[in-house]
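According to this note's numbering, the stretch in the sequence shown is residues 3 to 126, in order. Backbone N, C-alpha and C define an ideal beta-carbon position, used for all residues, glycine too. Keep in mind the model is a prediction, meaning the values are calculated, not measured.
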Amino acid sequence: MQTAIIYANGIKTNLLAMSPTGMVQLTLTCDDNIHWKVSKSMANVWNVSCLLRDIPIPTTPLPPITTPIPCSTCLNIRAERVKNPSLTEGDGKLVITYMQNQLGCRVAQILCNASVVSGLDHFA
């Protein structure tokens, strides 16, 4: 995108009109003293220049992009209840702890504790 600027009398700081859309329009009026003027201005305009100026695109600093190693992206393991348990079977307490090893790979430590199960009743 470019800013369109109209300036007067060869002086870039003497801006008459400016637009960030890349196009600007300006009307000059001839006064009683045969001078060109911008409406509501006392300055005489001898010449005009059209300047297109690149607008720097604002940038937001982005964090560095790091690709995770494949062994670090595994999803959590699903805990499922025991399916079709027999009369001598039941669900135990299942604890899954996730961590990373020294190589950055994800590790799941799984603990099944049968002694914590309390009062499983099965009806025939």
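Check	Outcome
Only counting the same chain, and skipping five residues up and downstream in sequence, which positions put a Cβ closer than 7 angstroms to that of Q4?	G24, L54, R55, D56 and I57
Can you check whether the CB of V97 is closer than 8 angstroms to the CB of N103?	no
Among C52, W38 and N16, which has the Cα closest to the Cα of I7?	C52
In this structure, what does DSSP give as the bridge partners for T5?	R55
Could you check how far apart the C-beta atoms of N11 and N49 are, in whole angstroms? I think they sit under 8 angstroms.	6 angstroms
Ignore the nearest five residues each way along the sequence and tell me which others in V47's own chain have a CB closer than 8 angstroms to its CB.	A10, N11, L18, L30, H37, W38, K39 and V40
Using DSSP with H/G/I as helix, E/B as strand and the rest coil, what is S21?	strand
With which residues is Q102 paired in a DSSP beta bridge?	R108
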